[in-house]
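I have placed the structure first, in the form of C-alpha coordinates, so that the comments after it can refer back to it.
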Amino acid sequence: MTDLLLWLYLANSVLLINHEIDSAYWKEWELFNLPGGITGFLLLHFPLLLFILWGLILISRHSCQRSFQSEPFSVVKSEPPLPPDKLVPTPSFPTFPRSL
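Count along the sequence shown from 1, add 80, and you get the number used in the working numbering.
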(Lines of atoms letter the chains of each structure in order from A and count residues from 1; the text may use other names and numbers.)
(Lines give C-alpha, C1' and ligand atoms only; values in the text may rest on other atoms or scores of the structure.)
Protein backbone atom coordinates (compact mmCIF):
# COMPACT_ATOMS: atom_id res chain seq x y z
CA MET A 1 0.00 0.00 0.00
CA THR A 2 2.85 2.37 0.78
CA ASP A 3 4.39 1.81 -2.64
CA LEU A 4 1.08 2.69 -4.28
CA LEU A 5 0.83 5.88 -2.20
CA LEU A 6 4.41 6.79 -3.12
CA TRP A 7 3.80 6.36 -6.85
CA LEU A 8 0.48 8.20 -6.75
CA TYR A 9 2.05 11.08 -4.84
CA LEU A 10 4.97 11.15 -7.29
CA ALA A 11 2.68 11.17 -10.33
CA ASN A 12 0.55 13.92 -8.79
CA SER A 13 3.68 15.92 -7.96
CA VAL A 14 5.03 15.63 -11.49
CA LEU A 15 1.72 16.85 -12.91
CA LEU A 16 1.60 19.79 -10.52
CA ILE A 17 5.23 20.80 -11.15
CA ASN A 18 4.62 20.51 -14.90
CA HIS A 19 1.60 22.79 -14.53
CA GLU A 20 3.68 25.33 -12.61
CA ILE A 21 6.34 25.34 -15.34
CA ASP A 22 3.60 25.87 -17.91
CA SER A 23 2.09 28.68 -15.84
CA ALA A 24 5.45 30.47 -15.91
CA TYR A 25 5.49 30.17 -19.70
CA TRP A 26 2.02 31.73 -19.97
CA LYS A 27 2.89 34.49 -17.46
CA GLU A 28 0.10 33.70 -15.02
CA TRP A 29 1.32 36.39 -12.64
CA GLU A 30 -0.15 38.88 -15.13
CA LEU A 31 -3.41 36.92 -15.30
CA PHE A 32 -3.87 36.99 -11.52
CA ASN A 33 -2.32 40.47 -11.08
CA LEU A 34 0.33 39.21 -8.67
CA PRO A 35 2.77 41.88 -7.52
CA GLY A 36 6.46 41.45 -8.19
CA GLY A 37 6.30 40.05 -11.71
CA ILE A 38 8.32 36.91 -12.42
CA THR A 39 10.43 37.38 -9.27
CA GLY A 40 7.40 37.39 -6.98
CA PHE A 41 5.93 34.45 -8.87
CA LEU A 42 9.09 32.39 -8.40
CA LEU A 43 9.41 33.34 -4.73
CA LEU A 44 5.83 32.21 -4.24
CA HIS A 45 6.56 28.82 -5.83
CA PHE A 46 9.81 27.89 -4.06
CA PRO A 47 8.02 27.03 -0.77
CA LEU A 48 5.40 25.12 -2.75
CA LEU A 49 8.05 22.95 -4.42
CA LEU A 50 9.82 22.44 -1.10
CA PHE A 51 6.51 21.35 0.46
CA ILE A 52 5.86 18.86 -2.37
CA LEU A 53 9.33 17.30 -2.22
CA TRP A 54 9.27 17.16 1.58
CA GLY A 55 6.00 15.23 1.39
CA LEU A 56 7.60 12.75 -1.00
CA ILE A 57 10.44 12.19 1.45
CA LEU A 58 7.97 11.64 4.31
CA ILE A 59 6.04 9.07 2.30
CA SER A 60 9.19 7.22 1.28
CA ARG A 61 10.31 7.06 4.94
CA HIS A 62 6.89 5.78 6.10
CA SER A 63 6.60 8.77 8.42
CA CYS A 64 3.45 9.31 10.46
CA GLN A 65 3.35 12.94 9.32
CA ARG A 66 2.73 11.95 5.72
CA SER A 67 -1.05 11.97 6.03
CA PHE A 68 -0.98 15.52 7.40
CA GLN A 69 1.02 16.56 4.35
CA SER A 70 -0.63 14.52 1.62
CA GLU A 71 -4.26 15.31 2.49
CA PRO A 72 -4.09 19.09 1.91
CA PHE A 73 -1.99 18.50 -1.20
CA SER A 74 -4.57 16.12 -2.64
CA VAL A 75 -7.37 18.60 -1.91
CA VAL A 76 -5.51 21.41 -3.63
CA LYS A 77 -4.68 19.30 -6.69
CA SER A 78 -8.16 17.77 -7.01
CA GLU A 79 -9.64 21.12 -7.95
CA PRO A 80 -10.54 21.05 -11.65
CA PRO A 81 -8.33 23.22 -13.86
CA LEU A 82 -9.67 26.13 -15.82
CA PRO A 83 -10.23 25.55 -19.52
CA PRO A 84 -7.54 27.11 -21.74
CA ASP A 85 -9.93 29.68 -23.20
CA LYS A 86 -10.41 31.11 -19.69
CA LEU A 87 -6.65 31.42 -19.10
CA VAL A 88 -5.65 33.04 -22.38
CA PRO A 89 -7.82 35.91 -23.51
CA THR A 90 -9.21 35.44 -26.98
CA PRO A 91 -8.73 38.33 -29.38
CA SER A 92 -11.83 40.28 -30.21
CA PHE A 93 -12.32 41.40 -33.75
CA PRO A 94 -14.12 44.63 -34.58
CA THR A 95 -17.58 44.29 -35.99
CA PHE A 96 -18.59 46.47 -38.86
CA PRO A 97 -22.12 47.71 -39.44
CA ARG A 98 -24.03 45.90 -42.14
CA SER A 99 -25.05 47.75 -45.26
CA LEU A 100 -28.74 48.39 -45.64
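Idealized CB from N, CA, C, for every residue including glycine. Keep in mind that this is a model prediction, so the values were computed, not measured.
{"Query": "Buried versus exposed call for TYR105 [16 or more other C-beta atoms within 10 Å across all chains shown]", "Result": "exposed"}
{"Query": "Helix, strand or coil at PHE131 [DSSP, three-state]", "Result": "helix"}
{"Query": "Anticipated Cβ contact below 8 Å, TYR89 with ILE139, distance rounded", "Result": "5 Å"}
{"Query": "Where the alpha helix (DSSP H) through TRP109 begins and ends", "Result": "108-111"}
{"Query": "Local conformation of HIS142 per DSSP, three classes", "Result": "coil"}
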